[in-house]
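Trainee:
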Amino acid sequence: MLLCAGLWPTEDTESSYLYRCIPILTVFSGALMFYGTSKFCQENLYNLKVFTKGLSLLGSFSLVAFKALMFFLYRQQLHELNNILESMFEEVLEKVHYQPVVLSMLNLFRRPAYMVYYLTMGTIILYMCSPLILILYQAIKNIDPKRYGLPFPGSFPWIDGTPGIRYQVQYLFEIQLGWFMVFVTGSVDSVYGFYIFQMIGILRAMSLDCEKIEKSSKELDSVLQNCVKKQILLIRCRDIIQNVYGPVVLGLIVSSAIILCALIFQMFETEINVGKTVLFLLYGMMKMTQAFMYSWYGSLVTAESEAFQRSIYCSEWYQQGNVVLMKDVLLVLSQKPIILTACHFCHISLDLFVKILNTSLSYYFLLQTFDEDNNKS
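In this note's numbering, the protein residues as written are 879 to 1255.
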């Protein structure tokens, strides 16, 4: 999917010009739809029932464009990240006794990635089919004048609701943006989980090394030196992930809270049919799964890093009487565990997911209060 979105970090600088332009097209498309949806929200600022229709998509357009932009800007660092993790992970898998421990969490990373992908695809398909269903219904019922809608709520100066070449071009533009949203969301979120899975596998192999060694000073020193080298590389991987995904997670925090708030408001404060109910449920489940996935993976890598430090401490290094070895072990134990942060603003952990849900509910109650005040006035 990264290839379909033009985001796979290739080493070949002479790659296809079209391939290198795909992320730019994604950023431009997301920015244009963000403009149109922002204008739609501005025009309906005092009608919260309509305003939230645009608000629920505003965050998604900006987040997709931002993801594509970050992968485009940091493609060299991502290529370095791929090379480091791939070489270290392949080295781990070459040893058969590591495989059950390293691969035991594969399904925990695979299933959320599939869920995000299929929920995103289902949501986009429902958005794209809604105007076609409306046009077909109007044709069957002979309703005149017919209203020609678009997949996403937006306000553009060249669209006046009548059929024509401008409407058709806009419709095709929004369809291609929808598929970019599927590819970018599915691929960027999945590869984040893949990077964390590889880091956890390497940390588990390092812990296993410390647990299985014989208690000789020479062997412990050799294992410790190997672990220190790997930990330095893992810290470099963490820094790259923070550079690329830190701003993405920060955008996810804001957009998820706003989107969930808008979806809750539309479900409980407006009249909706079965189709819209299904759409809102799919969309809401996708955003919650996405937020949970990013938060949970951050907690997992921190927990495995702490487990690695415990395994070093429990290797009875203090019984060897080797002063140099003791200093090396204390140096490793003095290092902080691997913690992912979002732009030095907050730690990426499960607490983040809880905060997103609490914030979205707070925003919902605030919108509910505003709506009640508008109805009274």
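We treat Cβ as the ideally placed atom computed from N, Cα and C, and that holds for glycine.
Under the assumption that Pro1029 contacts Tyr992 (Cβ atoms under 8 Å), give the Cβ distance between them as a whole number of angstroms.
Mentor: With a Cβ gap of about 24 Å, Pro1029 and Tyr992 do not count as contacting.
Trainee: Go ahead and pull the three-state DSSP assignment for His868.
Mentor: A question about residue 868 goes unanswered here, because the residues of the chain that appear run from 879 up to 1255.
Trainee: Where does Ile1150 fall in DSSP's three states?
Mentor: Coil, per DSSP.
Trainee: Do you know offhand how far Tyr1161's Cα is from Glu1149's?
Mentor: Roughly 18 Å between the two C-alpha positions.
Trainee: Less than 9 Å between the C-beta atoms of Phe1143 and Leu926, yes or no?
Mentor: For Phe1143 and Leu926, yes; Cβs fall inside 9 Å.
Trainee: I think Leu1211 touches Ile1190, with their Cβ atoms under 8 Å apart; what is that distance to the nearest whole Å?
Mentor: Confirmed, Cβ separation roughly 6 Å.
Trainee: What residue ranges within the segment 910-981 form continuous alpha helix (DSSP H) runs of no fewer than 4 residues, ordered along the chain?
Mentor: Qualifying alpha helix (DSSP H) stretches, in chain order: 926-951, 953-971, 977-980.
Trainee: Which residue marks the beginning of the alpha helix (DSSP H) containing Gln1016, and which one marks its end?
Mentor: That run of the alpha helix (DSSP H) goes 984-1018.
Trainee: Among Val1106, Asn1236, Leu1218, which has the Cα closest to the Cα of Leu1128?
Mentor: The shortest C-alpha separation from Leu1128 is found at Leu1218.
Trainee: In its own chain, which residues sit with a C-beta less than 6 Å from the C-beta of Phe987, not counting the 5 before and 5 after it?
Mentor: Within the same chain, Phe987 has close Cβ partners Gly1071, Phe1075.
Trainee: For His1222, which of Thr1237, Ser1173, Asn1121 has the nearest alpha-carbon?
Mentor: Answer by Cα proximity: Asn1121.
Trainee: Would Ile1037 pass as a contact of Tyr1045 if the rule is Cβ separation under 9 Å?
Mentor: Taking 9 Å as the Cβ cut-off, Ile1037 and Tyr1045 qualify as a contacting pair.
Trainee: Going by C-alpha distance, which of Asn1104, Leu1157, Met1204 is nearest Ile1002?
Mentor: Per the Cα distances, Leu1157.
Trainee: If you draw a straight line from the alpha carbon of Ala1181 to that of Val970, how long is it in whole angstroms?
Mentor: Distance between the alpha carbons of Ala1181 and Val970 is about 20 Å.
Trainee: Taking all protein chains shown into account, decide if Pro901 is buried (16 or more other Cβ within 10 angstroms of its Cβ) or exposed.
Mentor: Buried.
Trainee: Answer yes or no: do Ser1227 and Ile1136 have a C-beta to C-beta separation smaller than 9 Å?
Mentor: No.
Trainee: Between Ser1134, Ala1220, Cys1139, Ile1080, which lies nearest to Gly1124 when the distance is taken from Cα to Cα?
Mentor: Out of Ser1134, Ala1220, Cys1139, Ile1080, Ala1220 has the C-alpha closest to the C-alpha of Gly1124.
Trainee: Alpha carbon to alpha carbon, how far is Ser1085 from Val1060?
Mentor: Going by the C-alpha atoms only, they are around 37 Å apart.
Trainee: Can you name, in chain order, every residue of its own chain whose Cβ lies under 6 Å from the Cβ of Tyr976, other than the five neighbours on each side?
Mentor: Correct list, in chain order: Val970, Ala1083.
Trainee: Which residues in the same chain have their Cβ closer than 7 Å to the Cβ of Gly1000, if we skip the five residues on either side of it in sequence?
Mentor: For Gly1000, where only same-chain residues beyond five positions count, the Cβ hits under 7 Å are Leu1160.
Trainee: If you run the structure through DSSP and keep just helix, strand and coil, what is Leu885?
Mentor: Looking at Leu885 - three-state DSSP - the assignment turns out to be coil, as it is neither helix nor strand.
Trainee: Measuring only the C-alpha atoms, how far is Val1179 from Ile1119?
Mentor: Those two C-alpha atoms are separated by around 12 Å.
Trainee: Leaving out five residues before and five after Leu923 in sequence, what residues of the same chain have Cβ atoms less than 7 Å from its Cβ?
Mentor: The answer, listed in chain order, is Phe929.
Trainee: Please report how far the alpha carbon of Leu1098 lies from the alpha carbon of Thr998, in whole angstroms.
Mentor: Near 49 Å, if we compare the C-alpha coordinates of Thr998 and Leu1098.
Trainee: Name the residue from Ser1173, Gln1048, Leu1138 whose alpha carbon lies nearest to the alpha carbon of Leu1245.
Mentor: Nearest C-alpha to Leu1245: Leu1138.
Trainee: Would you tell me roughly how many angstroms separate the C-alpha atoms of Glu1250 and Val979, rounded to the nearest one?
Mentor: Rounded to the nearest angstrom, the two C-alpha atoms are 56 Å apart.
Trainee: Alpha carbon to alpha carbon, how far is Tyr1015 from Tyr952? Give it in angstroms, no decimals.
Mentor: The alpha-carbon atoms of Tyr952 and Tyr1015 are separated by roughly 47 Å.
Trainee: Compute the distance between the beta-carbons of Phe967 and Ile1080, then report whether it is under 9 Å.
Mentor: Yes, these two residues count as a Cβ contact at 9 Å.
Trainee: Roughly how many angstroms lie between the CA atoms of Ser1183 and Pro1215, to the nearest whole one?
Mentor: If I take the Cα positions, the gap works out to 5 Å.
Trainee: For Leu1165, which option in Leu963, Trp1174, Ser1134 has the closest C-alpha, if you only look at C-alpha atoms?
Mentor: In the sequence under discussion, the amino acid at residue 1165 is Lys, which differs from the Leu named in the question. Here the closest residue by C-alpha is Ser1134.
Trainee: Note down the Cα distance separating Asp1229 from Ser1173, rounded to an integer number of angstroms.
Mentor: When rounded, the distance between both Cα atoms is 7 Å.
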